[in-house]
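K.L.:
In our numbering, the protein residues as written are 104 to 581.
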């Protein structure tokens, strides 16, 4: 419903209901003709926004008012949809080599379904309002379940891949087309997350060229939309004009050590300590020379064979990522035999010693001793801490019976080839010791390679490492 806009800030509703007295026109400054502001209502290319327009209507003799009313969105015509479909396909196809099969089927299937629909028959409003958001939510949950994590390169690219297909299905106006072009441009740029070679730039070039044609199609009237050579030529000229600037930026722009979004763990990692580990998500491991901790002994240092510092124990495996158990049960230690002063900057948990024994005092307030003799900080460590510890070199702790066995021997519903292979070795072994020897002997006989730059693993990561790539670093073999 339109609303009347007067040149007054207050009581506009009351004034709108009164009759205008012609004798008071000369003294009244709140009613003014707005003929100079008159513009035709319309969509993109007509001089007004696609969302709203206004027109003038006479309120009384000599006075006029501006009535704001919603302007109907201009639907996409067949040629505009063709430009958008071409752009989306050219943005999606280069990513097929990097995504899971089900993601490709869903994302590209949505695009194919929209192309099959008539251009003048978009999806019903209820379907676009309820079904597509539920589909996006379901895809997000499926990606989280499939990858085991969400905020990283591969799951985010997969979600954007499907999201572009969903947006193309629901696009019905020029405004939707503009948003779809932005999403398709971001999707086309994501292939550079996997490589910055000349080949990657070459396969991204068609999408950039078609992007210019799609923008021109949304801007122009349906009568001129059929022209396709001129938009492509104009886009090509702009790309050629931008080559010198791109070359200059390539020379003077500083090289960044990690991605702009600050997540180097997506495809690379540094050696160190963490409370979780997903070897299949790391394609390059760099050795860090950062100090992990320093130790001063009150007595002469023990021999190197006894200077073993126990790190975090990761007991839970979901098929992709190893992590610590989410709870801590307090434990006890035997009387200590040595004493050490440890300065540890930030790692969690604290790898103080093989079996740490905390002194009564400040150290007990900073950490708790778990039943498995891990010393865990009670709060995140954000700065260097100096504390005193005593350790025992020969100690053991009692298992918790079935609870320990269940926590450490449970298997996820993934990596079926590994599980079947382990069962075969177990069935042929006469004892547990013989079974362990058979596993180690298999690693020695097969052509495994130790490397700090292994290939990324997808799907059943343990199966892919043991039977396909056979290249990894110590976390892969552990």
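Cβ coordinates follow ideal geometry from the N, Cα and C atoms, glycine included.
In terms of residue numbering, what span does the alpha helix (DSSP H) encompassing residue 320 cover?
P.N.:
301-322 is the extent of the alpha helix (DSSP H) around residue 320.
K.L.:
By the DSSP assignment, the alpha helix (DSSP H) with residue 278 in it spans what residues?
P.N.:
Start and end: 277-292.
K.L.:
Enumerate in chain order the residues of its own chain whose CB-to-CB distance from residue 247 is below 6 Å, with the five nearest sequence positions on each side excluded.
P.N.:
Excluding sequence neighbours, residue 247 sits near 253.
K.L.:
Under 8 Å, with one C-beta from each stretch per pair, do the region 233-248 and the region 293-301 reach the 3-pair mark?
P.N.:
Verdict: no, contact absent.
K.L.:
So is residue 258 buried or exposed if we call it buried at 16+ other beta carbons inside 10 Å?
P.N.:
Classification of residue 258: buried, given that the 10 Å Cβ count is 16 or more.
K.L.:
Let me know if residue 552 comes out buried or exposed under the rule of 16 or more other beta-carbons within 10 Å of its beta-carbon.
P.N.:
Answer is exposed; the Cβ neighbour count stays below 16.
K.L.:
Flag this pair as touching only if the region 333-352 and the region 306-317 have three or more C-beta atom pairs under 8 Å; answer yes or no.
P.N.:
Touching, yes.
K.L.:
For residue 290, which residues from the same chain have a beta carbon less than 6 Å from its beta carbon, with the 5 sequence-adjacent residues on both sides left out?
P.N.:
These residues qualify, in order along the chain: 194, 263 and 267.
K.L.:
Along the chain, where does the beta strand (DSSP E) that runs through residue 399 open and close?
P.N.:
Its beta strand (DSSP E) spans residues 397-400.
K.L.:
Taking only runs that begin and end inside the region 541-571, name each unbroken alpha helix (DSSP H) of 4 or more residues, in chain order.
P.N.:
Fully enclosed alpha helix (DSSP H) runs of 4 or longer: 564-567.
K.L.:
The beta strand (DSSP E) that contains residue 471, what's its start and end?
P.N.:
Residue 471 -> beta strand (DSSP E) spans 470-472.
K.L.:
Within its chain, find whatever has a CB closer than 7 Å to the CB of residue 190; leave out the 5 residues flanking it on each side and keep chain order.
P.N.:
Answer for residue 190: 284, 287, 310, 313, 314 and 317, listed in chain order.
K.L.:
Return the chain-ordered list of same chain residues with a C-beta closer than 8 Å to the C-beta of residue 349, the five sequence neighbours on each side being excluded.
P.N.:
Around residue 349: no qualifying Cβ.
K.L.:
Considering just the uninterrupted stretch of the alpha helix (DSSP H) at residue 185, what are its terminal residues?
P.N.:
Unbroken alpha helix (DSSP H) run through residue 185: 181-195.
K.L.:
Are the region 339-355 and the region 207-220 in contact at 8 Å, needing three or more beta carbon pairs?
P.N.:
These segments do not touch.
K.L.:
Can you tell me whether residue 556 is buried or exposed, with buried defined as 16 or more other CB within 10 angstroms of its CB?
P.N.:
Looking at its Cβ environment, which holds fewer than 16 other Cβ atoms inside 10 Å, residue 556 is exposed.
K.L.:
Name the one or two DSSP bridge partners that residue 380 has.
P.N.:
BP columns for residue 380 point to 425.
K.L.:
Residue 492: which of 574, 294 and 478 sits nearest, CA to CA?
P.N.:
Among 574, 294 and 478, the Cα nearest to that of residue 492 is on 478.
K.L.:
Tell me the residue span of the alpha helix (DSSP H) that contains residue 263.
P.N.:
Taken as a continuous stretch (DSSP letters only), the alpha helix (DSSP H) holding residue 263 covers 256-273.
K.L.:
Measure from the alpha carbon of residue 561 to the alpha carbon of each residue in 205, 182 and 188, then state which is nearest.
P.N.:
It is 205.
K.L.:
Between which two residues does the beta strand (DSSP E) harbouring residue 478 extend?
P.N.:
Taken as a continuous stretch (DSSP letters only), the beta strand (DSSP E) holding residue 478 covers 478-480.
K.L.:
Alpha carbon to alpha carbon, how far is residue 382 from residue 397? Give it in angstroms, no decimals.
P.N.:
Taking the straight line from one Cα to the other gives about 27 Å.
K.L.:
According to DSSP, what are the bridge partners of residue 178?
P.N.:
DSSP output for residue 178 lists 276 as bridge partner(s).
K.L.:
How many whole angstroms separate the CB atoms of residue 380 and residue 428, which I take to be in contact at a CB cut-off of 8 Å?
P.N.:
Actually they do not touch by this definition, with Cβ atoms about 14 Å apart.
K.L.:
Report the option in 201, 425 and 421 whose CA atom is closest to the CA atom of residue 415.
P.N.:
For residue 415, the nearest C-alpha among the options comes from 425.
K.L.:
Measuring alpha carbon to alpha carbon, tell me which of 270, 322 and 295 ends up nearest residue 183.
P.N.:
That would be 322, whose Cα lies nearest to the Cα of residue 183.
K.L.:
Which residues in the same chain have their Cβ closer than 8 Å to the Cβ of residue 519, if we skip the five residues on either side of it in sequence?
P.N.:
Cβ within range, chain order: 563 and 566.
K.L.:
Using the Cα positions of residue 514 and residue 220, report the straight-line distance between them to the nearest angstrom.
P.N.:
Using only the alpha carbons, I get a separation of about 46 Å.
K.L.:
Go ahead and pull the three-state DSSP assignment for residue 244.
P.N.:
In the structure shown, residue 244 sits in a helix (DSSP, three-state: H, G or I).
K.L.:
Using alpha carbons as the reference points, say which of 378, 505 and 295 lies closest to residue 198.
P.N.:
Answer by Cα proximity: 295.
K.L.:
Using only CA atoms, which one of 307, 178, 537 and 568 lies nearest to residue 275?
P.N.:
Nearest of 307, 178, 537 and 568 to residue 275, Cα basis: 178.
K.L.:
In the DSSP assignment, the alpha helix (DSSP H) including residue 210 goes from what residue to what residue?
P.N.:
Unbroken alpha helix (DSSP H) run through residue 210: 204-219.
K.L.:
Is it buried or exposed for residue 213, if we count other Cβ within 10 angstroms and need 16 for buried?
P.N.:
So residue 213 ends up on the buried side.
K.L.:
Taking only the alpha-carbon atoms, compute the straight-line gap between residue 119 and residue 229 and give it to the nearest angstrom.
P.N.:
Only weak support is given to the placement of residue 119: the predicted model assigns it a pLDDT of 40, under 50, and the value that follows is read from those uncertain coordinates. Straight-line Cα distance between these residues: approximately 37 Å.
K.L.:
Grouping DSSP H, G and I as helix and E and B as strand, with all else coil, what is residue 393?
P.N.:
Three-state DSSP puts residue 393 in coil, outside helix and strand.
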